[in-house]
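So the protein sequences, as listed, match chains V, G and B. Read in order, the letters of the first sequence are residues 1 to 994 in the working numbering. Read in order, the letters of the second sequence are residues 995 to 1170 in the working numbering. Read in order, the letters of the third sequence are residues 1171 to 1445 in the working numbering.
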Amino acid sequence: MSTHQAGARVEGGHLGQRQLRLEDTALLRGLGRYADDLATPPGTLHAAIVRSPHAHARLLAVDASRALALKGVRAVLTGEDVKRWANPFPVGVRAPMEHWCLAVDKVRYVGEPVCVVIAEDRYLAEDALDAVRVEYEPLKPVIDPEKAATEEAPVLHEAVGSNVVNERHFNYGDPDKAFNEAVHRVSIKVHYPRNSCTPIECYVVLGQYLPASGSYDILSNFQGPYALHSVMARALDVSSNRLRLRTPPDSGGSFGIKQGVLTYVVLMGLAARKAGAPVKWVEDRLEHLQASSSATNRVADMEAAVDVDGRVTALRYDQIDDCGGYLRAPEPATFYRMHGNLTGAYDIRNLAVRNRVVLTNKLPSGLNRGFGGGQMYFALERLMHQVSRQLGLDPLEVMRRNLLPADAFPYRTASGALLDSGDYGATVDLALRDGGFSELLQRRDQARAEGRLYGIGLCAVVEPSISNMGYITTALTPEQRRKSGPKNGAVSTATIGIDPLGGITVHVSSTPQGQGHQTVAAQVVAEVLGVAPKDIMVNVELDTGKDAWSIASGNYSSRFSGAVAGAVYKAALKVRERLANIAATMWNLDADQVRFADGKVFIEDGPSLGFHRVAGTAHWSPALLPENEPGGLRETAFWTPPQLEAPDDDDHINSSLCHGFIFDFCGLEIDRITGEIHIDRYVTSHDAGRLLNPMLVDGQIRGGFTQALGIALMEEFAYGEDGSFLSGTLADYLLPTAPEAVEPLILHTETPSPFTPLGAKGVGEGNNMSTPVCIANAVADALGRDDIQLPLTPSRVRALIGIDEPEAPEGLEPLAAPKAGGPALQARDSVEVPASPQTVYDTVLDPETLRAIIPGCHALELEGENQYRADVTVGVGMIKARFAARVRLSDLDPPHSLRLSGSGDSPMGSASGSAHVTLVALDNGHTRLDYVYEVDVGGKIAAVGGRMLQSASKIIIGQVFNRLAQRLTGQPSGGLWQRLRTLLARLLGKGDAS
Amino acid sequence: MHAPAEQRCDIELELNGETRHGSAEPRMQLCDFLRHELGATGVHVGCEHGVCGACTVLVDGIASRSCLMLAVQADGRRIDTVESLARDDVMNDLQQAFNRHHALQCGFCTSGILMSCVEFLQREPTPDETRVRDMLSGHLCRCTGYTGIVRAVLEVAEQRHEGESQQQALENRNDV
Amino acid sequence: MKPASFDYVRASSKREVLQLLHEHGEDARVLAGGQSLMATLNMRLTQPKLVIDINRVEELRSIRNERGHLAVGAAVRQVELTDRTELATEVPLLAQALPWIGHFQTRNRGTVCGSVAHADPSAEIPLCLVTLGGIVVLESLQGKRREVPAADFFQGLLTTARQPRELISEVRFPLAQDGTEYRFREIAMRHGDFALVALALCLSDHGARLGVGGVADRPVAQTLPLGDALPDALNTLAWSLGAQSDVHASAAYRRQLIRELGRRLIEEPSHARPR
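Structural data, given as structure tokens:
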């Protein structure tokens, strides 16, 4: 095993220093060059996308003729075009499902692109969205992944025949034996929610089609991995050298999410082809939240076989990953990124795994900071907490008994990861001491003595970095893998060019989104070539048509400091070697003696030249160069670690090259009344190998930690049972702001990796793996509960504490909660009218009445017996939408009951509702109409108005019946509210309920 | 002033100290106008519904969301964007403190945050951490966890305060 | 996410605003601070034919302390009230509630009357207005002027008594009463978010008047008995509001906060949380 070069020679004193960022000046002055800031070619058009309001529907027809007739509209791209020019995206598992960049047969999630309107500006393009007529046949959606996995569930992809698109079973060691022999068996079932690290800059794509070469030239803030370039080229049906993919100099955050722009890269390439002009698309926030990408939600059934003293001898994972409507590359990677690490930081040799990949009617999932780790550690570390609870042991003691010992490294885990280095015990000890663990225990004792709810949580995490590009093939069986050939490795690249005046330009194919790669690359080169970091220009744009790149290029799996900075180092060494030879030849001395420092090339106590003079020789004076020195000065280094082998026939996989270690603990207090969580102290200790720039490392930890705080406390992509997406704005999908943010105490130990050129490991994702479960364990500790579900909102925490609710006074009982799987909204109301049931009944069945009582009804046409087509504008307050609707009267039982239903589509989304009306004759000769209604709402209305849907439905339905009453009496009727006021006044003996 | 929907209206405003002219339909958002008509691409657009704060600019000195204003509303107003902060290629104290405290990563939210800080520190020259965090609650930053930002703002407040005290002391001495 | 087309008028007088509202009625929207309207325009949730900008109508910018009320004009921004040092003695409940509204940057432009016009059930200003028994002044052309008690003005979700041709020309908050204590408490997911539950209290020897926001489809205020009868009265109030569950909180949670926080707010002064 190669362990050379652990920790490079330090000459320049730049590595390991708190070097301020070279990127900042441009960004702080508003001079950044993000994708939407760059100049576009003359004649560039702008795209807007028609998206499905339905979670699951058959696509019957798309008619864009009215849109095409509008001012400024130049073209509309539809599924027909896509079928003609493109291919479905290749899929990572063997299942006959088709995912096109536009829906062609069905829509499978809310927000799925249906067609693209291309116009002279974005405003005009959006005007035309409303003019595209799309006809859907709604189908029953499935949202819950466990239900989706059953045979009764509606199937998303009929050709597959099941929503379970991949299932694999793994056995390592002898788990059955270990479970049979175990003294204790501890189990827990957990759900990890859907969430997204949501960059503040959304997706941007500028597509161009070049007919002369039949090629695409596309600029996008794509983040990689560039293995997906192959996926895009195949989808565009061109050879890969005919897709030139470029990235801008700056990117406004990604955290994995901008991997998902790949489908839009293809879409805008085709849009440009259709329009015969460059086409730009800037995703807006509503589009981003409902239809870009998200973490994969997971259901995990966990079991541990445990010794009498808390030693875990075997683990069993039974997991379902919900990848949404389509399996978009690189899924199902959420499972397999962590496959080598399923035993966490523990010495556990027996492991059984069942992984099922399930599709549901949600947006396709993808990379998201902590990829797979948040899901896995939430299950594993909740289980370890449960072991301590069930055995009545101290969680810290259980952890210590299972941690890998310091002398175990390099350590091959049961499922195949090769843990490179670490001293887990030392990191834990440091954190307990410097983080004040014993004081926290005292604070807990004191709080509890005072009757307050206080809990301590802890967790241990092995943080993988630098993914093995072959890990995803673990989703295939060994036989399937043999057919397609082995995949492995992680090739990183860097190029250093030195111009005739000695200017150094570095290029890395790491597409950063704010991590400071320019600064660190400059530090590395400065270190080797003896120049100042500020004098080095680092170019981080990536152009697949010109630059050195490979499938592992891009910014993900925390690969920069370990792999890319290592490649920069290798390239710098190559340059230095050539320069040393050039100088040595000029001086007729030995190249080994040549030193580089302070912008000079010299020999100790000997000759010295400016760096630019030596470098310039390669350009200006080839005659002075040594033999075999070709002149010019540009070196590209490719580097791939040999440890990243393909999965073997027993499914062992070294899924990542480096493995850092994290030990976190926290103390928190819960407000008994409000359920609010106050984090008293959070300590996060990291061993990420050698730190190249500690300031940037701490920045990564703080940022990841705050995102993780959001995951733990507030963030979730919420879906209604009807498949509607309910987190469509940043007022619905909540991110931590400064007052909610907590300052963690960050501690470091440094055990250099023997596998990377500079001894560094990745560090960017660890807290997204550790923090959610650490907080969950603390809440479990505070409340003595096992059923901890994220996000831990005040409402959810209060429910865990227990609400012993007094009964509702008579007349105020709410309707029973809607059944799971039923419609999104269900409620009832009633209205009294001064007419007999027969009169009321006859009135309702009269089309004229119907037209009059439907609010905002512009036209009503008879379509069949008791069936109508209607053109209706409905809304609440200033918010209004015009629906093409169908209205129907059914279940007629004159004069006792009937059902009034309506459904329709509008530019703002779809809606359907149905009210069952019972007519009750009253003693006074009047009739009371009792109606129970249910409503499903989809598309934009649901996404941005979730908070108000119930009230809005109530108002609109109420309008129908109040108008009926009004028609029968000529008087506006008092609704439920008026009756409530009367009731309240009676109950309270006051007259002022207002 | 009456502007029909499809007609572009002439707009004159003072952008970062310069008089600038442009035209926009009534419906054009101020942020789009500043970016695409006047070239102030330091104004960033993150949500278009007033939550993320990336598009915050000063309107007559008051921090405002430029996605929640129409370009026509800025006619005759003074608009300051992040591009106004550096003088002669030298960043101001706030920008320098952001650099020192690693208060930005991707930088996308930063320009809006800086503009809020400019107005905030004028209104509250000596804020405590709670006040700074309260002010920042109108901005979303996904990269930094806010720590560096809070530190930078507090440091600048302190430096300015010290600078003023020294100035005051100097003046007092001169008086004597 | 760009607005649909509309005509735009930058009004220069109240009369011009009223004239335009008279001509265009439901097709027109008044643009004041724009902190709600602009977002709904951007999302195309509302598509008026005409936007009437009142930001430069000087006569709508007044704040007056007169006849027992603080009268706040249609174009007065929230920040103008937070900057008003006398507010803490004039309308202490409002002074406590204002910092909970959105953020510094949105209060900089958002108007007091705009929040009233929008009638979000979670909004703080309507809650204060209802709890204090304030008045909404509506004007239309032909010199018509209606003074509507806040309790009658808010009719439901985003729905008010304002007729399409009327302008909310000002709102009036009753000034603080001697011997009455004012307390405000809000529970939200984050700083500045829509309230899950907001409670506004006027407490005097005569009893407790408790306003609840974020639960019913409008702000609701109720006078409650003190002492032993309080828990039952709070329970009745909690159930009467038709609390609903959404993605952030359950109905049961909202009811429980009314019962428990409501009681503590009334009985323990420390439960008011100024910001």
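Beta carbons: idealized from backbone N, C-alpha and C, even for Gly. From a predicted model like this one, the values you see are computed outputs, not experimental measurements.
### Segment contact flag, the stretch 750-763 of chain V with the stretch 1146-1165 of chain G, C-beta cutoff 8 Å, min 3 pairs
no
### Query
What whole-angstrom Cβ distance do G938/V and A103/V have, given they're in contact under 8 Å?
With 8 Å as the limit, G938/V and A103/V do not qualify as a contact, their Cβ atoms being about 15 Å apart.
### Contact with chain G by F705/V, beta-carbon distance below 9 Å
Judged by the 9 Å Cβ criterion, F705/V is in contact with chain G.
### Under 9 Å by beta carbon: chain B residues contacting K880/V
At a C-beta separation below 9 Å, K880/V has these neighbours in chain B: L1215, T1216, Q1217.
### Query
Residues of chain G with a CB under 9 Å from the CB of T737/V: which are they?
R1127, L1130, S1131, G1132, H1133, L1134, C1135, Y1140
### Message
Looking at chain G, is there any beta carbon in it that lies within less than 9 Å of the beta carbon of K1184/B?
### Response
no
### Task
Figure out for me which residue from D37/V, A552/V, A885/V, E120/V has the closest Cα to the Cα of L228/V.
A552/V
### Query
So, is the C-beta of A820/V closer than 9 Å to a C-beta in chain B?
Confidence is the limiting factor: at A820/V the pLDDT is only 46, short of 50, which leaves the residue's position unreliable, though a coordinate-based value still follows. Cβ-Cβ to chain B under 9 Å: no for A820/V.
### Query
Buried or exposed: which applies to W1409/B, given that a residue is buried once 16 or more other Cβ atoms fall within 10 Å of its Cβ?
buried
### Query
How long is the line joining the alpha carbons of A159/V and A57/V, rounded to whole angstroms?
16 Å
### Task
Along the beta strand (DSSP E) that carries M376/V, what are the first and last residues, could you check?
Where M376/V is concerned, there is no enclosing beta strand (DSSP E), although the alpha helix (DSSP H) it sits in stretches over 373-391.
### Contact list for Y556/V against chain G, beta-carbon separation under 8 Å
Here the premise fails: no neighbours, minimum Cβ distance about 15 Å.
### Query
Using a C-beta to C-beta distance shorter than 9 Å, which residues of chain V count as neighbours of L1431/B?
I673, T674
### Task
Assign E1008/V to one of three DSSP states: helix, strand, or coil.
The requested residue 1008/V does not occur in the structure, where chain V is confined to residues 1 to 994.
### Message
To the nearest angstrom, how far is the alpha carbon of S1004/V from that of F755/V?
### Response
Nothing in the structure corresponds to residue 1004/V, since chain V is present only between 1 and 994.
### Task
Give the DSSP bridge partners of M998/V, in chain order.
Residue 998/V cannot be examined here, being either before or after the span of chain V that is shown, 1 to 994.
### Task
Using a Cβ cut-off of 9 Å, pull out every chain B residue sitting near L59/V, in sequence order please.
Ordered by position in chain B, no residue passes the 9 Å Cβ test against L59/V, which lies about 23 Å from the chain.
### Message
Which of the three DSSP states is assigned to A178/V in this structure?
### Response
helix
### Query
Between Q1426/B and chain V, is there a C-beta pair that is closer than 9 Å?
Chain V contact via Cβ: present.
### Message
Only counting the same chain, and skipping five residues up and downstream in sequence, which positions put a Cβ closer than 7 Å to that of G1011/G?
### Response
By the criterion of a C-beta distance shorter than 7 Å, G1011/G is surrounded in its chain by S1078, once the five residues flanking it on both sides are discounted.
### Task
Determine the extent of the alpha helix (DSSP H) in which D434/V is found, giving its start and end residues.
424-434
#### Entry: Contact check, G269/V vs Y216/V, beta carbons under 9 Å
yes
### Query
In this structure, does DSSP put S973/V in helix, strand or coil?
The predicted model places S973/V with a pLDDT of 48, which falls under 50 and marks its position as unreliable; any figure quoted below should be read in that light. Of the three classes helix, strand and coil, the one that applies to S973/V here is coil, per DSSP.
#### Entry: For S1105/G, the three-state DSSP class (helix, strand or coil)
Three-state DSSP puts S1105/G in a helix.
### Task
For M695/V, name the three-state secondary structure that DSSP assigns.
helix
### Task
Compare the C-beta of R122/V with all C-beta atoms of chain B and state if any pair is closer than 9 Å.
With 9 Å as the cut-off, R122/V counts as an interface residue toward chain B.
### Query
What's the gap between the Cα of I853/V and the Cα of P113/V?
36 Å
### Query
Is it a yes or a no for the stretch 22-40 of chain V touching the stretch 697-713 of chain V, going by three-plus beta-carbon pairs under 8 Å?
No, they do not touch.
### Query
To the nearest angstrom, how far is it from the Cα of A928/V to the Cα of A808/V?
According to the sequence as given, residue 928/V is Arg; it is not Ala. Distance between the alpha carbons of R928/V and A808/V: 23 Å.
### Task
Answer yes or no: do L363/V and V110/V have a C-beta to C-beta separation smaller than 9 Å?
yes
### Partners in chain B for L812/V, counting only beta-carbon separations shorter than 8 Å
Near L812/V (Cβ distances below 8 Å), the residues of chain B are T1406, W1409, S1410.
### Query
Does Q223/V get closer than 9 Å to chain G when you measure Cβ to Cβ?
Residue contact with chain G for Q223/V: absent (no Cβ-Cβ distance below 9 Å to any residue of chain G).
### Query
Taking 8 Å as the line, does the beta carbon of G902/V fall inside it for any heavy atom of the ligand HEM?
The ligand HEM is not among the ligands present in this structure, which contains no ligands whatsoever.
### Message
Are the CB atoms of I801/V and L825/V within a distance shorter than 9 Å?
### Response
no
### Message
Does the contact criterion of 3 or more C-beta pairs under 8 Å hold for the stretch 399-408 of chain V versus the stretch 367-380 of chain V?
### Response
no
### Query
Can a CB atom of chain V be found closer than 9 Å to the CB of R1098/G?
According to the sequence displayed, residue 1098/G carries Leu and not Arg. Interface residue, yes.
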